[in-house]
Amino acid sequence: MAKFDLGYVWLLFVIIMFVWSSVNVKGEGVIKVNYKFYGLERNLSALKAHDEMRHLQILAGIDLPIGGDGRLDSVGLYYTKIGIGTPPNNYTVQVDTGSDVMWVNCISCQRCPRRGYGGMELTRYNPKDSLTGKLILCGQSFCKDVNRGSLPGCFGNGSCTYARHYGDGSYSTGFLVDDVVQYDLVSGDLQTEPANRSVIFGCGAQQYGNLISPDEAFDGILGFGKSNSSILSQLVSSGKVKNMFAHCLDSVNGGGIFAIGNVVQPEVNMIPMVPNQPHYSVNMMAVEVGHQFLNLSVDVFMNGESNGVIIDTGLTLAYLPEVIYSPLVRKILSWQPYLKLHHDEYTCFEYSGSVDDGFPQVTFHFQNSLSLRVRPREYLLPSDDLLCIGWQNSGNQSRDIWNRTVFGDFVLSNKLFLYDLENQAIGWTEYNCSSSVALKDEVTGSIRLVGAHSLSSGSRLTAQMALTFFLLIPLLHNYILNWYTSGA
Numbered sequence: 018m019a020k021f022d023l024g025y026v027w028l029l030f031v032i033i034m035f036v037w038s039s040v041n042v043k044g045e046g047v048i049k050v051n052y053k054f055y056g057l058e059r060n061l062s063a064l065k066a067h068d069e070m071r072h073l074q075i076l077a078g079i080d081l082p083i084g085g086d087g088r089l090d091s092v093g094l095y096y097t098k099i100g101i102g103t104p105p106n107n108y109t110v111q112v113d114t115g116s117d118v119m120w121v122n123c124i125s126c127q128r129c130p131r132r133g134y135g136g137m138e139l140t141r142y143n144p145k146d147s148l149t150g151k152l153i154l155c156g157q158s159f160c161k162d163v164n165r166g167s168l169p170g171c172f173g174n175g176s177c178t179y180a181r182h183y184g185d186g187s188y189s190t191g192f193l194v195d196d197v198v199q200y201d202l203v204s205g206d207l208q209t210e211p212a213n214r215s216v217i218f219g220c221g222a223q224q225y226g227n228l229i230s231p232d233e234a235f236d237g238i239l240g241f242g243k244s245n246s247s248i249l250s251q252l253v254s255s256g257k258v259k260n261m262f263a264h265c266l267d268s269v270n271g272g273g274i275f276a277i278g279n280v281v282q283p284e285v286n287m288i289p290m291v292p293n294q295p296h297y298s299v300n301m302m303a304v305e306v307g308h309q310f311l312n313l314s315v316d317v318f319m320n321g322e323s324n325g326v327i328i329d330t331g332l333t334l335a336y337l338p339e340v341i342y343s344p345l346v347r348k349i350l351s352w353q354p355y356l357k358l359h360h361d362e363y364t365c366f367e368y369s370g371s372v373d374d375g376f377p378q379v380t381f382h383f384q385n386s387l388s389l390r391v392r393p394r395e396y397l398l399p400s401d402d403l404l405c406i407g408w409q410n411s412g413n414q415s416r417d418i419w420n421r422t423v424f425g426d427f428v429l430s431n432k433l434f435l436y437d438l439e440n441q442a443i444g445w446t447e448y449n450c451s452s453s454v455a456l457k458d459e460v461t462g463s464i465r466l467v468g469a470h471s472l473s474s475g476s477r478l479t480a481q482m483a484l485t486f487f488l489l490i491p492l493l494h495n496y497i498l499n500w501y502t503s504g505a
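In terms of our numbering, the sequence shown opens at residue 18 and continues consecutively.
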């Protein structure tokens, strides 16, 4: 029998792997997202419960080794499907600007739930099932970077681990891996095609506390935070995309879009981020209720712990320090002085008229003539048979958010937000998030339209890859057949 030339077979395998890993690793990426509360009444108690879980990580995350991370239970408002591995498996992950590291539950996790939010079947990642998956070792620079130095007991070829600890005692531990992640590449007007890129992320091996709640768990989290460990930073370091992204979150029709790259339409005014902050923060200058400005000094917005407004897509409500919250609520209620107020956990009342006619619009003013408008129908939320004020007093919250200004979904939704990390600036404008946005191709200079409903929700095999396999598999088959025949 003739000798089987393993070198030739290995060459074919390398060609397959090279084509697989090199398809569509350039250009602007887009992610279709779904809204967790779409189709459900916006009950204030449910939204507040969501945020209370979320608060456990807002400030606790500042001191975490990998820059802070999102909670996987009762945290994510927006989620999407991504493909991971070769061949890819689909994972439903939360999309969050308040978190840095991407991580998914690992096959070795014994306590991870089998089903999660909405009864969906959860998928556990197994690096051994992926032809492109590999461990990150202790000696690699990424391990040292994300852990701010060498980990105790982590040397040379040992696996690089991570740990997340949260304010309620919950924690997640695991190890870092490098594998291919699938996303959508803008290929033309309202057209996308699958793209992939090697990304380092966490494989969650142990989860404790509320992280293993089966009611609202997802497969993981896709962080768009500021640290170098985020998926955006890793894509930027490859030189394939600009260090910019945008989101337009649609709470009316559900879902929305995250776009990696330069959104040029609609146009937005930009303002500088607050420097040296772990979260996306901007300085606020004034608050207007109706057509009257609150009598607040500029020092109120620049004072110590209250410095800057945190922009966080993982929260539902908006939180204001006592010095802003109290005069704001008084001014709102002054429009209806005869309401019978119910003061329990929230400020609530009975009201049967049109809220947009009976209550004032609230406008937050920033630099460069940029403002953020919130209508009464957005900040007045139902609770049983009452309407309640959605603004929350952060002076009454836990230490994690104490006296901070944090804007969540009811302020951020139905607006396009653009984050320019190269120039450390953020901008926004009101926009219909079910319509299209325009992305600029930084290589060709062309402008391409993309809309949330033109995107896929998961990964798929491209025609180019399918053609490659159709070409190579017969070649391999013929080689083996000739080898077998010649050896007979």
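Yeah, the Cβ is synthetic: ideal placement off N, Cα and C, and Gly gets one too.
Anyone know if the C-beta pair for residue i and residue j falls short of 8 Å?
i, j, result
"Gly102", "Thr149", "yes"
"Val299", "Gly325", "yes"
"Ala234", "Cys126", "no"
"Asn286", "Leu387", "yes"
"Gly156", "Leu193", "no"
"Leu433", "Val269", "no"
"Tyr436", "Met261", "yes"
"Asp113", "Thr333", "no"
"Val110", "Gly237", "yes"
"Ser452", "Val467", "no"
"Met137", "Val216", "no"
"Val198", "Ile99", "yes"
Classify residue i as helix, strand or coil using the three-state DSSP reduction.
i, result
"Tyr108", "strand"
"Ile83", "Here Ile83 scores only 17 on pLDDT, less than 50, and its place in the model is too uncertain to base an answer on."
"Ala469", "helix"
"Leu356", "coil"
"Phe427", "helix"
"Ile99", "strand"
"Arg132", "strand"
"Gln251", "helix"
"Tyr342", "helix"
"Glu447", "strand"
"Lys243", "coil"
"Phe318", "helix"
"Arg214", "strand"
"Phe159", "helix"
"Gly272", "coil"
"Asp401", "coil"
"Leu193", "strand"
"Ser369", "coil"
"Pro393", "helix"
"Leu168", "coil"
"Gly237", "strand"
Whole angstroms are fine: how far does the CA of residue j sit from the CA of residue i?
i, j, result
"Ser176", "Asn385", "48 Å"
"Leu168", "Lys457", "41 Å"
"Gln208", "Gly115", "29 Å"
"Ser247", "Gly370", "46 Å"
"Ala276", "His359", "43 Å"
"Ser250", "Asp401", "44 Å"
"Ala335", "Phe172", "44 Å"
"Asp117", "Pro130", "23 Å"
"Phe427", "Met301", "18 Å"
"Val121", "Arg141", "7 Å"
"Val92", "Glu284", "Its pLDDT being 37, under 50, Val92 is placed unreliably by the model, and the measurement read from it follows with that caveat. Between Val92 and Glu284, the C-alpha separation is close to 30 Å."
"Val340", "Ser189", "36 Å"
"Glu210", "Tyr396", "38 Å"
"Ile443", "Trp352", "33 Å"
"Pro399", "Ala469", "28 Å"
"Gln309", "Leu350", "14 Å"
"Asn106", "Ser158", "28 Å"
"Val315", "Asp374", "30 Å"
"Tyr355", "Phe366", "10 Å"
"Pro393", "Pro377", "6 Å"
"Ser430", "Gln224", "31 Å"
In its own chain, which residues sit with a C-beta less than 7 Å from the C-beta of residue i, not counting the 5 before and 5 after it?
i, result
"Leu484", "Since pLDDT at Leu484 reaches only 28, below the 50 mark, its modelled position is unreliable, and the value read off the structure follows with that caveat. Counting only Cβ-Cβ distances below 7 Å, and skipping sequence neighbours, we find nothing."
"Ser147", "Gly102, Thr103 and Asp196"
"Asn143", "Ile124"
"Asn245", "Asp162"
Using a Cβ-Cβ cutoff of less than 8 Å, which residues in the same chain neighbour residue i once the five nearest sequence positions on both sides are dropped?
i, result
"Ile345", "In the sequence on display, residue 345 carries Leu and not Ile. Within the same chain, Leu345 has close Cβ partners Val304, Val306, Leu311, Leu337, Val379 and Trp408."
"Val42", "Note that Val42 has pLDDT 42, beneath the 50 cutoff, so the model's placement of it is unreliable and the number below is only indicative. Excluding sequence neighbours, Val42 sits near Ala212, Asn213, Arg214, Ser255 and Lys257."
Enumerate in chain order the residues of its own chain whose CB-to-CB distance from residue i is below 6 Å, with the five nearest sequence positions on each side excluded.
i, result
"Gly133", "Leu139, Ala234 and Phe235"
"Tyr368", "Leu404"
"Ile327", "His296, Ser298 and Val423"
"Val253", "Asn260"
"Lys348", "Val306"
The ligand PLP heavy atoms versus the CB of residue i: any closer than 7 Å?
i, result
"Ser430", "Absence of the ligand PLP is noted for the structure shown, with no ligands found whatsoever."
Using 8 Å as the threshold, is the region 399 to 409 in touch with the region 237 to 257, meaning 3 or more CB pairs across them? no
Any contact between the region 444 to 461 and the region 255 to 274? By contact I mean 3 or more CB pairs, one from each, below 8 Å. yes
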